[in-house]
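Undergrad:
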Amino acid sequence: MSTSPGSAGRAGVVREIALCLGLYGLYTVTRLWASGAYPAAARNALDVLHVEHLLGLDIERAVNHALSPVTWVSVASSYWYATMHFIVTPLMLVLLYRYRHDVYRVARTALMGATFFALLGYFFFPTAPPRLLRGYDYIDTVASTARYGWWPSQEALDTGAGAATNQFAAMPSMHVGWALWVSIVLAVLVRRRWLKVLAFTYVTATTVVVVLTGNHWVLDAVAGGALVAAAWGLATWYERTTQGAREPEPALVAADQALDESVARSG
Numbered sequence: 004m005s006t007s008p009g010s011a012g013r014a015g016v017v018r019e020i021a022l023c024l025g026l027y028g029l030y031t032v033t034r035l036w037a038s039g040a041y042p043a044a045a046r047n048a049l050d051v052l053h054v055e056h057l058l059g060l061d062i063e064r065a066v067n068h069a070l071s072p073v074t075w076v077s078v079a080s081s082y083w084y085a086t087m088h089f090i091v092t093p094l095m096l097v098l099l100y101r102y103r104h105d106v107y108r109v110a111r112t113a114l115m116g117a118t119f120f121a122l123l124g125y126f127f128f129p130t131a132p133p134r135l136l137r138g139y140d141y142i143d144t145v146a147s148t149a150r151y152g153w154w155p156s157q158e159a160l161d162t163g164a165g166a167a168t169n170q171f172a173a174m175p176s177m178h179v180g181w182a183l184w185v186s187i188v189l190a191v192l193v194r195r196r197w198l199k200v201l202a203f204t205y206v207t208a209t210t211v212v213v214v215l216t217g218n219h220w221v222l223d224a225v226a227g228g229a230l231v232a233a234a235w236g237l238a239t240w241y242e243r244t245t246q247g248a249r250e251p252e253p254a255l256v257a258a259d260q261a262l263d264e265s266v267a268r269s270g
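Numbering (the numbering used here), first residue to last: 4 to 270.
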């Protein structure tokens, strides 16, 4: 029984949506399962901070205290942190599927692969973000600007409003990882060199935001970006090596067509 192009297209859309929703569901559930206890998350955070100190990357407190008191910066950063991650990435996936299916396959595989491996980090290496590391005086920028948005205040978090999410899913930072994914996609789609460079301002801004707001360590951002970059490279390699198996060479297609026409004429 043959399948019409329309029904095949709809089946493909349903499959991709189910795949994305399934991975997001696994991502959410794993974050909750991996919530862990504070002592382990704090120890891991201190280990991260120690490595950063050795590398000269421990800039979180300086950035956090310098910029969070500036109201417009803290409010804009809180909105960026609370919205861009969940709007831009899915929108980019939809646009790629609709208009650039040639790029979509690699992009989707890279995004899902990186997100899956990030879950392992949350499960096996729970890490307290700077804002939750007791005794280090980081400002929780998002909570402190709650009156300007819909996210919970510090008082609400203290009474359990944050229990629906894993507060210790910091390493790697998929806010940065997904932002790098978006920047790579944009850089692939545009042709002019200055636009390719401009595309990476998105991941740069996101990195500044997650550090400024006390939600991630610098090494969280580095790990998230490295994970997505590696996943993109592997997805590109896989696509190139399997493309030949999915799509016959043009010369072979032409030869088959010529043979069919010859048989038809002789018949």
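Just so you know, even glycine gets a beta-carbon here, dropped at the ideal spot from N, CA and C.
From a predicted model like this one, the values you see are computed outputs, not experimental measurements.
Counting only runs that start and end within the region 204-241, where is the alpha helix (DSSP H) found for 4 or more residues in a row?
TA: Here the runs fully enclosed are 204-215.
Undergrad: For Tyr151 and Arg243, I'd like the C-alpha separation in whole angstroms.
TA: Each residue's alpha carbon lies about 48 Å from the other.
Undergrad: Which residues bound the alpha helix (DSSP H) around Asn47?
TA: Start and end: Tyr41 to Leu58.
Undergrad: What's the C-alpha gap between Glu252 and Thr245?
TA: For Glu252, the pLDDT reaches just 45, beneath the cut-off of 50, and the residue's location in the model is therefore unreliable, although a value from the coordinates is still provided. Answer to the nearest angstrom: the Cα atoms are 13 Å apart.
Undergrad: According to DSSP, is Ala257 helix, strand or coil?
TA: Per-residue confidence for Ala257 stands at a pLDDT of 49, beneath the threshold of 50, marking its modelled position as unreliable; the derived number appears in the next sentence. Helix, per DSSP.
Undergrad: Hey, how far is the Cα of Leu135 from the Cα of Tyr102?
TA: Going by the C-alpha atoms only, they are around 42 Å apart.
Undergrad: Could you check whether the region 95-111 touches the region 224-233, counting it as contact only if at least three pairs of C-beta atoms, one from each stretch, sit closer than 8 Å?
TA: Short answer: they don't touch.
Undergrad: On the DSSP letters alone, give me the boundaries of the alpha helix (DSSP H) that Pro144 sits inside.
TA: For the sequence presented, residue 144 should be read as Thr rather than Pro. That run of the alpha helix (DSSP H) goes Thr144 to Ser147.
Undergrad: Report the option in Trp235, Val54, Arg194 and Ile62 whose CA atom is closest to the CA atom of Tyr141.
TA: Cα-wise, what sits closest to Tyr141 is Ile62.
Undergrad: Pull up the distance between the alpha-carbon of Val213 and that of Trp75, whole angstroms please.
TA: Answer to the nearest angstrom: the Cα atoms are 16 Å apart.
Undergrad: Thinking C-beta only, is Ala44 closer than 7 Å to Phe171?
TA: Yes, these two residues count as a Cβ contact at 7 Å.
Undergrad: Do Ala208 and Leu189 count as a contact pair if the criterion is CB distance below 7 Å?
TA: It is not a contact, given that the beta carbons lie outside the stated cut-off.
Undergrad: For the candidate residues Val17, Asn67 and Trp83, whose alpha-carbon lies nearest to that of His178?
TA: Cα-wise, what sits closest to His178 is Trp83.
Undergrad: If I'm right that Ser186 touches Ser77 with Cβ under 8 Å, what's the distance once you round it to whole angstroms?
TA: Actually they are not in contact, since the Cβ atoms of Ser186 and Ser77 sit about 24 Å apart, beyond 8 Å.
Undergrad: Mark Pro133 as exposed unless 16 or more other C-beta atoms lie within 10 angstroms of its C-beta, in which case mark it buried.
TA: Result: buried.
Undergrad: Alpha carbons only, please: which of Gly116, Leu24, Val206 and Val66 is nearest the one belonging to Val91?
TA: Residue Val206 is the option with its Cα nearest to Val91.
Undergrad: Whose CA, out of Ala113, Pro72 and Arg46, lies closest to the CA of Trp240?
TA: Ranking the options by Cα distance to Trp240, first place goes to Ala113.
Undergrad: Is Val73 buried or exposed, if buried means 16 or more other CB atoms sit within 10 Å of its CB?
TA: That one is exposed.
Undergrad: Report yes if the CB atom of Asn47 is closer than 7 Å to the CB atom of Phe128, and no otherwise.
TA: Yes, the Cβ-Cβ distance between Asn47 and Phe128 is below 7 Å.
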